[in-house]
Structure formats: structure tokens, C-alpha cells
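Below you'll find the structure, written out as C-alpha cells, and then a few comments.
Here is the structure:
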């Protein structure tokens, strides 16, 4: 029996999770920024689709970092507007 | 002090460190404790000393990290150019190395010059050379050309003769019938196997292909016809790494190789960053950029701090897609007109901005240098406002209000 391919388990893909709206507001207030000032992630991104995030959500990304051990980053889910280079 | 006591003590101070630093300290302290024994006072002193140094090493607000990154990557890469050619041809397979590769990554080319895949295999397959070979054969794309010894076109009769190479057929695991099937699917004419030689295939061309102009195209069409394997994988090499076998593939097709049974899709890797972005997402592309740049620099014996590379990768993936560091990417999407005009195609950028009526709020460094203002870096980032009314009143809390 073949195992299912789950891109979330690939070693290059860090852990992604959707931040609940209440927490997201709290986070933005703490950072003192608007959501669009976060790095973006496309709504068509394979990982976004896999975790079922919607445009407007904020995604928490827990990266393995050689300098900090673990690093938490955030990305804002956006609908494709920028043309692909 | 015992290990547990050290850990307990570190736990008290955990606010001061990152988890990584805490972990490293704990290992070093435990080692020291085992070797020569430390007292509680010693440990506290060490922890405080480490904390002090750690906080001193942090980047200050307003530090121009981007400029430092640019210089830290730029300077070593000038050292690279001279040494790059010595490496060509040393390995079994050809990889772009050194400066050309670095430029390729930073320019975010759609297709690298030498796409390479590292295909790791699953637990049950990776020690068995025969099964590894079978998988390698399965993914390597085989064209009619690869199994052909002789190829002739008789222009007068419209007859194409393909002499197959029995050794190559066996090596690639292709049967004559498969090739016949492929030739039939091309729909260029009648295909038959010669009665004298089972490896001689004849294709009797249909009339429309008899035009001498088209015949040359036909030649490539037949020779490049795909017999088996995955598109894009040109060649496979089996390498031994530690105790396992790894398939190195020239050419890249991440999506389909991942689906092959026996392949460890969790570890599979390609140096084509756009493909990583497409299949595994932008965060994976970020990791891939860091890994590729780091490897390229390390290969050349250049030691660039990984934080610079991480910043570069962050900038490249900021918009959710990999964009290049250049006129069409990061430099071209700066918010300031003057900053854009400073970098390549000055007049064009100025004209574009004038036509679309862009406004320049002078938000960053370049444009402020041009017009001779204080640049918003370091102490230039802070502005002081004075409220004369408060001074008049002689308010002493003035200093506290931010």
C-alpha cells in the first residue's frame, strides 16, 4: 500500500498554522502594524491550501533556525494580485 | 552542581535567552560541571556573563541590516570569480558552481542552468542496490535517440530506418515493442519491424512528411520521442552516501518524482527554486534559497554568516512569490521613485513615474542621500518634538513622556 504524499511533512516545509482571529488582532496590536505589513503568502500556495487557510488569515510559521533554534514568523494570506515574475 | 540543579537554575534565567542559547549553555555547563565541578555562584556568574554578552551582540534598532547584508555577501562573491573554473569537470555530473550559480539564485531564474535532483529512497529500498537501480531506470527519461545506433532517412522513398542498439535497450529496460508503439503514436507513417533483423525498424512516411523542408524537423521529432521515464530527468547517477544509496538526477521534475513508489518524498530535493515554490510552497522556497546560497558559498570556502543569507531569502520571498534581487524584483518594487531610478534604467524609471504621477515620500536611505537629508538609520531614525507650552509650565515629567 502506497502512503499518501503530504507536503507538510517534507523537510523543507516548516510548521504552518492559522492564527485564530482574536489572537491575530492581539498580535497586530503588539507589533503595532497593519496586516499587509507582514510578509505575504499567496492564497494559491500549496501549503495554504493544505492547511485550509483563507485570504485575510494570518499564518504562524515555526521555522527551524540554525541561529535561534526555533523562530516564529507570520505571513498574511493574500489573493494573487502581484503578477508572477 | 548536578545536571538537574543547573537546568533548574537556567530555567530561572530563561527570560534572558533564546531557547537555542539556553540549550547550548546547559550542555557546556554540564560538561564543565562533570570535568571540574562548579558551584552555584560560578554558574550564576557564567549565566549572567553569557546573558550580558548575548544582549550586547544583538542588533540595535535602526541598524542598516540590509546594507550590511549586501556588503557581506557582495565582498566574498568578488573573491569567487577567479577560482570558479578550476572545479569544472571534476565531478561525475556537471553543476553550476560559484558566481554563476549565485547570480542564478539571486536573479530567480525560472530554470537553473544545471537542474539537479537529490532523490533519497525509503527505508526498505535504500540499502538494496538492485532495487535502487530499478527506480533510477524507471525515472530516467529515455528517448528513441538513447536506444538507437543508426538512423537514416531515405529521401527518395520516404523511408526512415531506425537501427536499435540491443545493449542499450537492455540497459534502459526497454523492449522493441515499446519503441514500435512510440513510433506508431507519432503518427508519421507505417511502422514495421524488418524481417531480417529484429532490431531494425522501418517507418514508411506518409505523403505530407515527404516535403524536404519538413524532413529535418521529422528527424528530431522521431529521435526526441519519449519512450519511458519522467519528463525532464536526463540522466541518473547512483551514489553511496553513508550507508544508503542516493539517486542524483540531472534534470528536475519534483512533482512526479515524489509520486514514485520507493522514493522518500520527505527528503527529496531539487535545486530548482521555482519548482520548490510551486510544489512545496513559499516557505520551502525560502529554505531552499538559504540552502543553495549557503552551499554555493561554502563550496568556495567563503564564510558568510547565515543571518545575512536568511535576510536575503526573506526579502526574496516577501511577496509570497520568489522574486529576483534586481530591477524586476526587489529593487524595482521600492516605494521611492528616486531609489528605483538609482538602480539601473534611470531615465526609464523617471519617465514611468512622471507619467503615472507617482509621489515620493522619501521613506528610506537612498533618496535621502540624493537630496541631502539625514538618512533614517540609527540615530537618524528618531525625531525629537518639542512642546514649548510644557517647558513654560516647567513640567518635570517631560523627560518621562515618550
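Residue numbers (our numbering), protein chains in the order written: chain A, 217 to 301; chain B, 17 to 418. Positions of the beta carbon are idealized from the N, C-alpha and C atoms, including for glycine.
- Nearest to residue 345 of chain B by C-alpha distance, out of B:112, B:122 and B:59, is B:122.
- Following the DSSP letters along the chain, one finds residue 65 of chain B inside the alpha helix (DSSP H) bounded by residues 56-73.
- In this structure the stretch 158-174 of chain B does not touch the stretch 290-300 of chain B; the number of beta carbon pairs closer than 8 Å is below three.
- Taking all protein chains in view, the Cβ of residue 162 of chain B is crowded by 16 or more other Cβ atoms within 10 Å, so the residue is classified as buried.
- Interface flag for residue 300 of chain B against chain A is set, since a Cβ pair is found closer than 9 Å.
- Runs of the alpha helix (DSSP H) lying entirely within the stretch 314-366 of chain B, each at least 4 residues long, are 322-332 and 353-358 in chain order.
- Contact fails between the stretch 320-338 of chain B and the stretch 18-27 of chain B, because fewer than three Cβ pairs, one in each stretch, are under 8 Å apart.
- Short of 7 Å from the beta carbon of residue 283 of chain B, and not among the five residues preceding or following it, lie these beta carbons of its own chain, in chain order: 136.
- For the stretch 274-293 of chain A, the residues whose beta carbon sits under 7 Å from a beta carbon of chain B are, in order, 277, 282, 283, 284, 285 and 286.
- For a Cβ distance threshold of 8 Å, nothing in chain B lies close to residue 220 of chain A: the least Cβ distance comes to about 10 Å.
- For residue 271 of chain A, no CB of chain B lies under 9 Å from its own CB, so it is not counted at the interface with that chain.
- Taking C-alpha positions only, residue 218 of chain B is separated from residue 227 of chain B by approximately 19 Å.
- Judged by their CB atoms, residue 146 of chain B and residue 249 of chain B are not nearer to each other than the 9 Å cut-off.
- Membership of residue 143 of chain B in any beta strand (DSSP E) is not indicated, and neither H nor E is assigned to it by DSSP.
- In the pairwise beta carbon analysis, the stretch 36-43 of chain B is classified as not touching the stretch 253-271 of chain A: fewer than three pairs are separated by under 8 Å.
- When A:220, A:291, A:222 and A:221 are compared, the shortest CA-CA separation from residue 258 of chain A is found for A:291.
- Taking C-alpha positions only, residue 241 of chain B is separated from residue 81 of chain B by approximately 52 Å.
- Residue contact check for residue 228 of chain A against chain B: a CB pair falls below 9 Å.
- Collapsing the DSSP output to three states places residue 276 of chain A in a strand.
- For the stretch 161-240 of chain B, the full-length beta strand (DSSP E) segments reaching 3 residues or more read 164-170, 175-180, 205-209 and 216-221 along the chain.
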